[in-house]
Amino acid sequence: MSRIGKIARRTFLFGAIAVTGGAAFGYYKMVETPPNPLLPDTGAALNAYVIIDTSGITIVAPRAEMGQGVQTTLAALVAEELDVTLDQITVIHGPPAKAYFNQALLGNAIPVIEYQRKPWVHDAAEFVGNAAKFLNLQVTGGSTSTRDAYVKMREAGAQARQMLIEAAAKRLNVAANSLRTEAGTVIAADGTTIPYTDLATDAAALPARNVTLRDRSDWKILGTSQPRTDMVAKSTGTATYGVDVRLPDMRFATVKMNPKRSGMRGFDASEALLMEGVEKIIDLGDGVAVVATNTWLAMQAADAITFDWEDATYPADTEAQFAIIEQAFNGEPNSTARDEGDVESVPAAITAEYRVPFLAHATMEPMTTTALFTGSALELWSPNQGPILVRDWCAKAVGLEPEQVTVHTTLMGGGFGRRGEYDFAVLAARVAREMPDTPVQVTWSREEDMRHDFYRPAAIARLSGTVQDGKAVMLSADVAAPSCSHQAMERWLGRSMGGPDTELVAGVYDQPYAIPNYRVRGYKADLDVPVGFWRSVGASYGGFFFDSFIDEMAHAAGRDPLEFRLDLITPEHAPSAKVLEAVRDMSNWNSPLPSGVGRGVAFSYSFGTPVAQVIEVRDTGRGIKIENVWIACDPGVALDPHNIRAQMMGGCIYGLSAAIHGEITHTDGEVDQFNFPDYDGLRMASCPKIEVNVLENALHISGVGEPGTPPAAPALANALFSLTKQRPRSLPLWRDYSFV
Amino acid sequence: MARTLTINGTAHAVDLPDNVPLLWVLRDALHLTGTKYGCGVAACGACTVHIDGEAVRSCQVALGDVWGAVTTIEGIGTPDAVAVVQQAWIDHQVAQCGYCQSGQIMQAAALLAQNVAPTDDDIDEAMNGNLCRCGTYPRIRAAIHDAAKKLQEA
Chain A
1 MSRIGKIARR TFLFGAIAVT GGAAFGYYKM VETPPNPLLP DTGAALNAYV
51 IIDTSGITIV APRAEMGQGV QTTLAALVAE ELDVTLDQIT VIHGPPAKAY
101 FNQALLGNAI PVIEYQRKPW VHDAAEFVGN AAKFLNLQVT GGSTSTRDAY
151 VKMREAGAQA RQMLIEAAAK RLNVAANSLR TEAGTVIAAD GTTIPYTDLA
201 TDAAALPARN VTLRDRSDWK ILGTSQPRTD MVAKSTGTAT YGVDVRLPDM
251 RFATVKMNPK RSGMRGFDAS EALLMEGVEK IIDLGDGVAV VATNTWLAMQ
301 AADAITFDWE DATYPADTEA QFAIIEQAFN GEPNSTARDE GDVESVPAAI
351 TAEYRVPFLA HATMEPMTTT ALFTGSALEL WSPNQGPILV RDWCAKAVGL
401 EPEQVTVHTT LMGGGFGRRG EYDFAVLAAR VAREMPDTPV QVTWSREEDM
451 RHDFYRPAAI ARLSGTVQDG KAVMLSADVA APSCSHQAME RWLGRSMGGP
501 DTELVAGVYD QPYAIPNYRV RGYKADLDVP VGFWRSVGAS YGGFFFDSFI
551 DEMAHAAGRD PLEFRLDLIT PEHAPSAKVL EAVRDMSNWN SPLPSGVGRG
601 VAFSYSFGTP VAQVIEVRDT GRGIKIENVW IACDPGVALD PHNIRAQMMG
651 GCIYGLSAAI HGEITHTDGE VDQFNFPDYD GLRMASCPKI EVNVLENALH
701 ISGVGEPGTP PAAPALANAL FSLTKQRPRS LPLWRDYSFV
Chain Z
1001 MARTLTINGT AHAVDLPDNV PLLWVLRDAL HLTGTKYGCG VAACGACTVH
1051 IDGEAVRSCQ VALGDVWGAV TTIEGIGTPD AVAVVQQAWI DHQVAQCGYC
1101 QSGQIMQAAA LLAQNVAPTD DDIDEAMNGN LCRCGTYPRI RAAIHDAAKK
1151 LQEA
């Protein structure tokens, strides 16, 4: 109660960051419905999510499909209430528009630890989330897509259905309540059947009504695993990703930007200009673009250019960068996001320091965007997670108004947070401006992509704790890192950010543990290595710090690590306790360990979803192999169980890949890693068997794209401790352990 | 000098320098975009195609060195007539982002052509060069076993 009262009137909370000087909005503005952006050439848009024309039914799923299956699940929300089957519809991403603002993303900003929220706080968060409208935040991220869409897209389906029924009632001159709907048709009592496609134009002229959503027990599509709408295309090479856009007379280009992320004093492209297929070399100020007839020819020419780069503005090597992060502990905390009891009153019995490196996203499809500039218009085909950001920043870059820019959001070959930036689109727009009336696709080489990322921040944690009678009685955690939220918000909104950033301490301050003296402080490191949102953001390292240290405390207490966690979690958050119990049972946790086998458990609550994982490792003699993973999660409502299991597996594998292999280091201001041989992930032979159980005890629906990642590294680290009795306190693990 | 390549059973004239990798011939000159660029150094397998039935990384085969008939993901099946291995991918709902899956499927198809009943070890060995950042490996393995069974029954 008191914390929510701390929202200052002129301070707008955003992702738990204060945007000082932000606008204050009246109630009306907060609840006002933005206009429907859909103006189809043919047929009718019944609302912002449903277009029906004579050829069929199209559902707008305005979140980026980067592999998480979101377009299928969002379409299913509409389809369930509209009474159409998924094979009857076409799903499109749709245009950038205020109507598609992500309310849940900003709702997360409310400064009350999520698992502790009372229902009224949950409602307040929804209200605060309305502000996303004003910031034009149509963003795919924060594991918010289904949670944001859960009510509004079902309502859109129900409203469209109601309008179609009323249109049919008028046409047949019967009462609306005598009609029913099924598989895209309205059916009258006498058996007369009218397809939605015949009714759409009439229906669109009717006003939207208040609707009642169906009870879950009546669901036919939701709650059941659905074939993904993109699966056939992705299995036949016919899905169009950003790099697959082909336009008449299109040119292929690549960029070579300063690897020190700074300016350029000069370059010599005399050799490159003579190379086959090269049409143009464009000075971008801090790098160049090569335009050619073929991407590879452009990349070859780019490699033949010599540059005189300006130096990095950040410390030039990794050691110096960590020294800056370490120095942050000497300053004032940026946040004290949790402060229960009095940690200073309890002498610390165990202390530890943990470290994690910068990480790249390394999406399989490198950064790319295709652009066509005509002088008065700019058209973009861009795999991106924030189409309004792309539209507005590209408009600015080429001197147009946002209304003059069209953005097509394509399928994307992975996102993981990287495509929430817009740098790749702006570069393409700037290249296109130099090639008027000629479409140009700008594709980064893998090396360019790896070395020009916005990295997951490196971080250091200092933890201390005390156990008494087998329980944790004190835990103090200080975390220092550069703020990816402040950096990303500054890039998104174009103004400087300050204030407390609880994302710095995510995965640490917000865990459902009943520890009487529990304090978490964040320290913002003054380090401008480019950092950004990486799958699960702060919890990606916070989960490792917190849960590893809980494991240390369990061993210090002489307790079974799983029971130790369960004792502390049970009184605090019942759904979290249930996921721990589930992995205990799935993994046969209490069975004796065979020799040469280690077993570790980890738990992390992130993005509203508690996830527990047990990992079993075996010493094969040729190295350590991760053999088995058991995962239990609770997203409240399991809209598509198969897809949720896939996200949990994928999130875990992404986390394990980073834990074992992932690190971005710097020498002389430049990233040392170039390509997958320097930045590998799990492969078929190193991937464990994984079993997932999806529970539904939590009060509210929550996301699944990210929460599988935070427990992966600590579950592996705890298993390695179980096997070797050596406690991993820094990542990546390949430095200290040999894996097969 | 224009060269002629046989791709998916059709002859294509290509007028590009001999050193351009097959990958970029397919993608940028012929607009066969199912084959993907991931790394350019044979470290990810996204560009896997068949030359005379053998799985190769098309980013490492120069146009001038293409020694036989090329088959790409578009050549083994279409959305209306999927290959057995593609149907297994659909049945197991393998793909997430899907970007690596053309390469995964072409690698798996080559494995199945040589080995009618691959073991888990065979799959590890054949598929280890194909990177998937979404982590679809458990379903890829299941789909390969399933496709092997279906191919044997056929």
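Quick mapping for you: the protein sequence lines, in order, are chains A and Z. Numbering follows the working numbering, with no gaps: position 670 of the first sequence is 670. Every number in the working numbering is 1000 more than the matching position in the second sequence, counting from 1. For glycine and all other residues, C-beta sits at the position ideal for the given N, C-alpha and C.
- An exposed status is given to G621/A, since fewer than 16 other beta-carbon atoms sit within 10 Å of its beta-carbon.
- Listed in chain order, the beta strand (DSSP E) runs fully inside the region 305 to 333 of chain A are 306 to 309, counting runs of at least 3 residues.
- The three-state reading of DSSP puts L284/A in coil, since its state is none of H, G, I, E or B.
- Using a 10 angstroms sphere on the CB of E1153/Z, the tally of other CB atoms stays under 16, which defines it as exposed.
- Cβ proximity to chain A below 8 Å picks out C1044, A1046 from the region 1044 to 1057 of chain Z.
- C-alpha of D123/A to C-alpha of G1045/Z: approximately 48 Å in a straight line.
- Taking the beta carbon of W381/A as reference, no residue of chain Z falls within 7 Å; the closest one sits roughly 13 Å away.
- Restricted to the region 546 to 576 of chain A, the alpha helix (DSSP H) segments that are unbroken, complete and at least 4 residues in length are 561 to 569, listed in chain order.
- Taking 4 residues as the minimum length, the alpha helix (DSSP H) runs contained wholly in the region 191 to 247 of chain A are 196 to 204, 231 to 235, in order along the chain.
- Taking all protein chains in view, the Cβ of L1022/Z is crowded by 16 or more other Cβ atoms within 10 Å, so the residue is classified as buried.
- Remark: C-beta atoms of S178/A and A188/A approach each other more closely than 8 Å.
- Linking T502/A to P707/A through their CA atoms gives a straight-line distance of about 17 Å.
- When S145/A, F416/A, N334/A, T409/A are compared, the shortest CA-CA separation from Q103/A is found for S145/A.
- With respect to S476/A, L504/A sits apart: the two C-beta atoms are not nearer than 8 Å.
- When secondary structure is reduced to three states using DSSP, L77/A falls in the helix class.
- For E353/A, the secondary structure class from DSSP, reduced to helix, strand or coil, is strand.
- Contacts with chain Z at 8 Å (Cβ-Cβ) include T295/A.
- As DSSP reads the structure, P1021/Z sits in a beta bridge with A1062/Z.
- Using a CB distance below 8 Å, the part of the region 240 to 267 of chain A facing chain Z consists of T240, Y241, V243, D244, R246, F252, ordered along the chain.
- When the Cα atoms are used, V390/A and A458/A turn out to be separated by approximately 27 Å.
- Taking a C-beta distance under 8 Å as the contact criterion, L1005/Z and V1066/Z qualify as a contact pair.
- Around A204/A, the same chain offers A44, L46 as residues with beta carbons nearer than 6 Å, after the five sequence neighbours per side are excluded.
- Between the alpha carbons of A715/A and F544/A lies a gap of roughly 8 Å.
- Residues of the region 1109 to 1134 of chain Z that bring their beta carbon within less than 9 Å of a beta carbon in chain A comprise D1121, I1123, D1124, E1125, A1126, M1127, N1128, G1129, N1130, L1131, C1132, R1133, C1134, in sequence order.
- When R584/A, D672/A, A349/A are compared, the shortest CA-CA separation from H555/A is found for A349/A.
- Of K396/A, M412/A, P436/A, the smallest CA-CA separation from F373/A is found for P436/A.
- Checking the DSSP bridge columns, you'll see N517/A partnered with M474/A.
- Contact note: W1089/Z reaches chain A through S235, using a C-beta cutoff of 7 Å and chain order.
- Contact note: Q1060/Z does not reach chain A at a C-beta cutoff of 8 Å; the least C-beta distance is about 12 Å.
- With its beta carbon less than 8 Å from one in chain Z, K689/A belongs to the interface.
- Listed in chain order, the positions of the region 563 to 581 of chain A with a beta carbon within less than 7 Å of a beta carbon of chain Z would be empty, since no residue qualifies.
- Take the alpha-carbon of T438/A and the one of A239/A: they are about 24 Å apart.
- Counting only runs of 3+ residues, the beta strand (DSSP E) found wholly inside the region 433 to 490 of chain A occupies 440 to 443, 459 to 468, 471 to 481, in chain order.
- Contiguous beta strand (DSSP E) elements confined to the region 77 to 117 of chain A occur at 89 to 92, taking only those with 3 or more residues.
- In the three-state scheme derived from DSSP, where H, G and I count as helix and E and B as strand, A1042/Z is classed as coil.
- Flagged as an interface residue toward chain A: H1031/Z, by a C-beta distance shorter than 8 Å.
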